[in-house]
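Below is one structure, written out as structure tokens; the observations come after it.
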Amino acid sequence: MGAAWFLDQLTDGDVASNQHGWQWCAGCGTDAAPYFRVFNPTTQGQKFDPSGDYIRRWVPELSAATDAHLRTGKRPSGYPPPIVDHGTERAEALRRYRGMR
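Right under this line is the structure:
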């Protein structure tokens, strides 16, 4: 649905380019992957949302979090614990990826 809508908005839309672009962004395309990336949410926040504007807007529970909490990924008091441990799950994803190659 997203790819079709986006293509419809383009003046010079190209079906193949649009579809492959969407697949590449989703990580499910047919292009050869020289390595497997597992994004670190803390690092991504530091790089692309250094002031915390995005996370404060879209995660209301973190709207009053200090900059230090957002920069380090530490949870403020009363914030629920992570669903998964990033390091553990990253290692598991990489292990599974190696098994598919």
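Residues in the sequence shown are numbered consecutively from 343, following the numbering used here. Beta carbons are placed, not taken as given, at the ideal position from N, Cα and C, and that holds for glycine.
| Item | Value |
| --- | --- |
| Expected contact under 8 Å - CB spacing of leucine 412 and isoleucine 425 to nearest Å | About 18 Å; that fails the 8 Å criterion. |
| Alpha-carbon spacing of glutamine 386 relative to threonine 430, whole angstroms | 18 Å |
| Beta-carbon proximity check, aspartate 409 vs glycine 394, cutoff 8 Å | yes |
| Cysteine 367 - containing alpha helix (DSSP H), residue span | 357 to 368 |
| Tyrosine 421 (DSSP reduced to helix, strand or coil) | coil |
| Three-state secondary structure (DSSP) of glycine 415 | coil |
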